[in-house]
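Residue numbers (this note's numbering), protein chains in the order written: chain S, 22 to 484; chain E, 12 to 271. Positions of the beta carbon are idealized from the N, C-alpha and C atoms, including for glycine. What follows is a single structure, written as structure tokens, with notes after it.
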Amino acid sequence: MPSPPGFVANFDSATAMTMATAAFLRGEDWPALGNPEPLKPLAARANVLPTKVREKAFILGGASEITRPGRVGKIHIDDVADWIAEEYPERRYPAVSVGSSSGAGVYLNAALGSPWLPQTLLLPVGQRVHPDDPQTAMEKGKEPAADLLEANPDWQLHHMHDANQDRLMVRALTYFRVKRRRLGDGYERFIVDRLPPGRTLLLMECKARWKTTRMGDRYVYQHGAMGGATQEEFHRGSERVAEYLERYDSPVREWDGPEPDTESPEAEWGFEESLRDDVVRLARERRYRVRRVIFEDPDSLSPLVADLYRWWYRRRRIPANRLLISSFVINDPYWTLRTGSTPFWMKFNMQPSVDAVNAYLDSTDPFDEIHLMLFQHGVRAVGLPPKEAWTDILARARKFGRPAGADLDEFPYDFAQFAKYHDALQAIPARYPLPRPLTLDELDEFLSQAGDYEGVTFEDIDP
Amino acid sequence: MVSRQTTPIGAPSCHWREHDVDGVRVAARTWVTDPPRPEPIVAVHGLVVSSAYMAPLADRLSDHRDVWAPDLPGFGASDKPDHVLDVRELGRALAGWIDAAGLRDVVLLGNSFGCQIVAETTLQRPDLVSRMVLLGPTMQPRLRSVPKQLRRWRKEQKTQSARLKALQVRDYAKAGIPRAITTFRHALHDRIEDKLPLLEQPTLVVRGTDDPIVEQDWVETVVGLLPDAELAVLPGATHAINHEQPAQTARAVGRFLHTR
Numbered sequence: 022m023p024s025p026p027g028f029v030a031n032f033d034s035a036t037a038m039t040m041a042t043a044a045f046l047r048g049e050d051w052p053a054l055g056n057p058e059p060l061k062p063l064a065a066r067a068n069v070l071p072t073k074v075r076e077k078a079f080i081l082g083g084a085s086e087i088t089r090p091g092r093v094g095k096i097h098i099d100d101v102a103d104w105i106a107e108e109y110p111e112r113r114y115p116a117v118s119v120g121s122s123s124g125a126g127v128y129l130n131a132a133l134g135s136p137w138l139p140q141t142l143l144l145p146v147g148q149r150v151h152p153d154d155p156q157t158a159m160e161k162g163k164e165p166a167a168d169l170l171e172a173n174p175d176w177q178l179h180h181m182h183d184a185n186q187d188r189l190m191v192r193a194l195t196y197f198r199v200k201r202r203r204l205g206d207g208y209e210r211f212i213v214d215r216l217p218p219g220r221t222l223l224l225m226e227c228k229a230r231w232k233t234t235r236m237g238d239r240y241v242y243q244h245g246a247m248g249g250a251t252q253e254e255f256h257r258g259s260e261r262v263a264e265y266l267e268r269y270d271s272p273v274r275e276w277d278g279p280e281p282d283t284e285s286p287e288a289e290w291g292f293e294e295s296l297r298d299d300v301v302r303l304a305r306e307r308r309y310r311v312r313r314v315i316f317e318d319p320d321s322l323s324p325l326v327a328d329l330y331r332w333w334y335r336r337r338r339i340p341a342n343r344l345l346i347s348s349f350v351i352n353d354p355y356w357t358l359r360t361g362s363t364p365f366w367m368k369f370n371m372q373p374s375v376d377a378v379n380a381y382l383d384s385t386d387p388f389d390e391i392h393l394m395l396f397q398h399g400v401r402a403v404g405l406p407p408k409e410a411w412t413d414i415l416a417r418a419r420k421f422g423r424p425a426g427a428d429l430d431e432f433p434y435d436f437a438q439f440a441k442y443h444d445a446l447q448a449i450p451a452r453y454p455l456p457r458p459l460t461l462d463e464l465d466e467f468l469s470q471a472g473d474y475e476g477v478t479f480e481d482i483d484p
Numbered sequence: 012m013v014s015r016q017t018t019p020i021g022a023p024s025c026h027w028r029e030h031d032v033d034g035v036r037v038a039a040r041t042w043v044t045d046p047p048r049p050e051p052i053v054a055v056h057g058l059v060v061s062s063a064y065m066a067p068l069a070d071r072l073s074d075h076r077d078v079w080a081p082d083l084p085g086f087g088a089s090d091k092p093d094h095v096l097d098v099r100e101l102g103r104a105l106a107g108w109i110d111a112a113g114l115r116d117v118v119l120l121g122n123s124f125g126c127q128i129v130a131e132t133t134l135q136r137p138d139l140v141s142r143m144v145l146l147g148p149t150m151q152p153r154l155r156s157v158p159k160q161l162r163r164w165r166k167e168q169k170t171q172s173a174r175l176k177a178l179q180v181r182d183y184a185k186a187g188i189p190r191a192i193t194t195f196r197h198a199l200h201d202r203i204e205d206k207l208p209l210l211e212q213p214t215l216v217v218r219g220t221d222d223p224i225v226e227q228d229w230v231e232t233v234v235g236l237l238p239d240a241e242l243a244v245l246p247g248a249t250h251a252i253n254h255e256q257p258a259q260t261a262r263a264v265g266r267f268l269h270t271r
């Protein structure tokens, strides 16, 4: 498969989730987060290195995709559509989904056999700042931002700085997250060519928002990001934040970021609504149905999708007693379905995700087995759960629970997880054939039986 | 709008009219009375030819209805856009032209590739179209390949009159060979069968028994896919029925418009 254009980040949620969805639609699995197979043994041995070196290797992995600030004006973001079109097999689909990233969305689209076209992308731009200096990070972003926006009129920029979870990366690069305001030629051609009239466009709309500083017409600056720390902690500080900064030997004990003056769709996950108008315009012309899938938080869809898979397995008379917890970009619908596993996606690896899994387990029939694919990001960040939080979850299985490749003692530094999850999934002995995709009618049938899910609504737009 | 008279044939006589559609000048042959009659017919030509191809049928239909036969952008007397329009863009252009000409409740009539544009326009703008007439509609999915189409097309050449051949040479020369080839590719790529089930307008599908391009089972499929359609089979008629068998075709169309 071709790799994405050089200016987008391979390690980002949108790119990784596109690749995972596309791999499944090609009938393939998705090992080592889409990295070349020969790198697997190398990555699997990453843990023999001391923590400092591992951190460096992680940064270098990300840094290989950096664009130098002076070259940002040359980026034509729409080019990414050509790569995405090539990722997905060339055939006609029952539905096409467009919009927000969500790992639960990966499994939903896999079930429906529909490709997903991301609204948001990450462009890593080279920039050296101290992680705990969000003000300077903002200032330094202005010039490349102006170049980028001028060259890309259909996009808006959310310059994001997260000194908590992305502490390692933000030393070498800054996160330019860009959101599509219109479909653009590439997406539109993809949809028209591969979605026959009368079929359905799914709009994935995550309602997550964040307090931001307005920098321009299509440009905001976001200090902080969703994860372990709250918005208030980023903007006002807290005891946890002070401890964290001390632990990393920072000269400050709270962040002094620019004062937020507006609220925007969250840089990584939130849906920018102007895209909806353009989708409806195309739907009118091609007589597509438009179904909005609206979810409060990126992981609000997770319980629904897990229950959908369970319902689907029962309908196929397959035991639905294995839970596979995935996190952030570690998703593999192929092995999930081949092993008859119920996928529950965590947005990251922080305490709120632990709470979400526990809430789901409280709400549903117990599972015999629980497997955990745990993303590793190399920072003892604010809100990082202790090892016991994970072992407690695994202990909730009726028969056994185990990490799928991760060494929990090494969390969150076990970068070998990226190489090992694939082998761990294959080690699950059960094998089932890949089913034909669920139809939208079957999805409706499930939804009418399952009732409402908190934070999720489906809404049809009459074209 | 500019008006320019050509040789008058029958009543009403044929006039050229021009409209601006998003910066592109679109010319049309028109057979229109004053005041205009309701539910005008818009006749859409096939691959690369022009409205001249529609004239013999239009002339006969104009006894009872106003008839408008535009040259699609890139063809005949109309402007040539910078790039070769695909079916979707041609549909958009035709809808834009119907708006610009101030027409409403039109009977969209097409021949061959023109039927693909009729279906596309009706898909995009159902509000403009009251009924459809599809004469020898393409593109049969089974024959959707360049060699298959070329073979059929060569057979079809043998059924053409000398006058039609002359007209084609003239119109191909006007459009240019690269435009002809690209438009043909677009036509091959377009899946009319996906659109037909969504087109609720009452529709007449017509096939000539001597049409080598359009097979009987395909037109039956077309009628089956359309929610409200009927089939007329014209004995001895060919593919370019609007040009070669205009009287026979006009009778079938007239019957449909009168009874439905």
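Near residue i, which residues of its chain fall below 7 Å by C-beta distance, leaving aside the five closest residues on each side in sequence?
i: S135 (chain S); result: Y114, P115, A116, V117, S118 and L223
i: T478 (chain S); result: I315
i: S34 (chain S); result: S122, E289, F349 and V350
i: H47 (chain E); result: Residue identity check: residue 47 (chain E) is Pro in the sequence provided, not His. So the list reads D77, once near-sequence residues are dropped.
i: L459 (chain S); result: A132, L133 and W333
i: R36 (chain E); result: E29, S89 and D90
i: F195 (chain E); result: L58
i: W229 (chain E); result: Q151
Might you give, ordered along the chain, the residues of its own chain that have their beta carbon closer than 6 Å to the beta carbon of residue i, omitting 5 neighbours on each side?
i: F261 (chain S); result: Sequence check: residue 261 (chain S) is Arg here, not Phe. Answer for R261 (chain S): V403, listed in chain order.
i: A288 (chain S); result: H179, M181, R198 and Q243
i: S24 (chain E); result: none
i: A410 (chain S); result: V375
i: L429 (chain S); result: K408 and W411
i: D116 (chain E); result: E50 and S141
i: I212 (chain S); result: V117
i: S530 (chain S); result: Shown here, chain S extends from 22 to 484; a query on residue 530 (chain S) therefore has no answer.
i: V241 (chain S); result: H179, T233, R235 and S285
Just list the residues that DSSP pairs residue i with in beta bridges.
i: Q243 (chain S); result: S:M181
i: R339 (chain S); result: Arg is not the amino acid found at residue 339 (chain S); the sequence shown has Ile there. Answer is none; I339 (chain S) lacks a bridge partner.
i: W164 (chain E); result: Per DSSP, none; premise fails for W164 (chain E).
i: R142 (chain E); result: E:V118
i: H392 (chain S); result: S:L345 and S:R423
i: C227 (chain S); result: S:F316
i: D481 (chain S); result: S:R312
i: K441 (chain S); result: None, per the DSSP bridge assignment.
i: R305 (chain S); result: According to DSSP, R305 (chain S) bridges with nothing at all.
i: D31 (chain E); result: E:R36
i: R235 (chain S); result: S:V241
i: E284 (chain S); result: S:K232
In chain order, what residues of the same chain have a beta carbon less than 8 Å from the beta carbon of residue i, not counting five sequence neighbours either side?
i: P19 (chain E); result: Note that P19 (chain E) scores a pLDDT of 42, beneath 50, so its modelled location is shaky; the value from the coordinates is reported in the next line. Around P19 (chain E): C25.
For the 8 Å Cβ check, are there 3 or more pairs between the region 394-403 of chain S and the region 151-166 of chain S? no
Take every Cβ of the region 335-347 of chain S, pair it with every Cβ of the region 380-395 of chain S, and state whether three or more of those distances are shorter than 8 Å. When Cβ pairs closer than 8 Å are counted between the two stretches, the region 335-347 of chain S is seen to touch the region 380-395 of chain S, the count reaching three or more.
Report yes or no: do the region 463-472 of chain S and the region 324-336 of chain S share at least 3 C-beta pairs separated by less than 8 Å? yes
Against chain E, which members of the region 204-220 of chain S pass a CB distance test of less than 7 Å? Within the region 204-220 of chain S, the residues whose Cβ lies closer than 7 Å to some Cβ of chain E are V213, P217, P218 and G219, listed in chain order.
How do the region 243-261 of chain E and the region 213-228 of chain E stand: do at least 3 beta-carbon pairs fall below 8 Å, yes or no? Judged by pairs of C-beta atoms under 8 Å, the region 243-261 of chain E touches the region 213-228 of chain E, as three or more such pairs exist.
Against chain S: residues of the region 126-141 of chain E by CB proximity under 9 Å: Contacts with chain S (Cβ-Cβ distance below 9 Å) from the region 126-141 of chain E involve L134, Q135, R136 and P137, listed in chain order.
Can you list, in chain order, the residues of the region 295-322 of chain S whose Cβ is nearer than 9 Å to any Cβ on chain E? R305, E306, R307 and R308
Is the region 224-240 of chain S touching the region 292-311 of chain S, taking contact as three or more C-beta pairs under 8 Å? yes
Report the start-end ranges of each alpha helix (DSSP H) in the region 76-133 of chain S that is 4 residues or longer and not cut off at the edges. 101-108 and 124-133
Would you say the region 108-122 of chain E touches the region 49-67 of chain E, given that touching needs at least three Cβ pairs under 8 Å? yes
Decide if the region 63-72 of chain E is in contact with the region 176-189 of chain E; the criterion is three or more beta carbon pairs, one per stretch, under 8 Å apart. yes
Just by C-beta distance, which residues in the region 205-236 of chain E are closer than 8 Å to chain S? D205, K206, P208 and L209
Between the region 67-84 of chain E and the region 34-44 of chain E, do at least 3 Cβ pairs fall closer than 8 Å? yes
Mind listing, in chain order, the continuous alpha helix (DSSP H) runs of no fewer than 4 residues lying wholly within the region 41-76 of chain E? DSSP runs (the alpha helix (DSSP H)) wholly in the region 41-76 of chain E: 66-72.
Determine which residues of the region 87-104 of chain E have a Cβ less than 7 Å from any Cβ of chain S, and write them out in chain order. Contacts with chain S (Cβ-Cβ distance below 7 Å) from the region 87-104 of chain E involve R99, listed in chain order.
Tell me whether the region 122-136 of chain E and the region 87-100 of chain E touch, counting them as touching only if at least three CB pairs, one residue from each stretch, are closer than 8 Å. In short, these stretches touch, since the Cβ pair count reaches three.
With 9 Å as the limit, tell me which residues of the region 173-203 of chain E have their beta carbon closer than that to any beta carbon of chain S; keep them in chain order. H200 and R202
The region 428-446 of chain S contacting the region 298-306 of chain S, beta-carbon criterion three pairs below 8 Å: no
Any contact of the region 146-160 of chain S with the region 181-192 of chain S, i.e. 3+ C-beta pairs under 8 Å? With a cut-off of 8 Å on Cβ pairs, the region 146-160 of chain S is in contact with the region 181-192 of chain S, counting three or more such pairs.
Tell me the start and end of each unbroken alpha helix (DSSP H) in the region 148-229 of chain E that is at least 4 residues and wholly inside, in chain order. 157-169, 173-186, 188-200 and 203-206
Sufficient close CB pairs (3 or more, under 8 Å) joining the region 164-174 of chain S to the region 91-108 of chain S: The region 164-174 of chain S makes contact with the region 91-108 of chain S: 3 or more CB pairs, one atom from each, lie closer than 8 Å.
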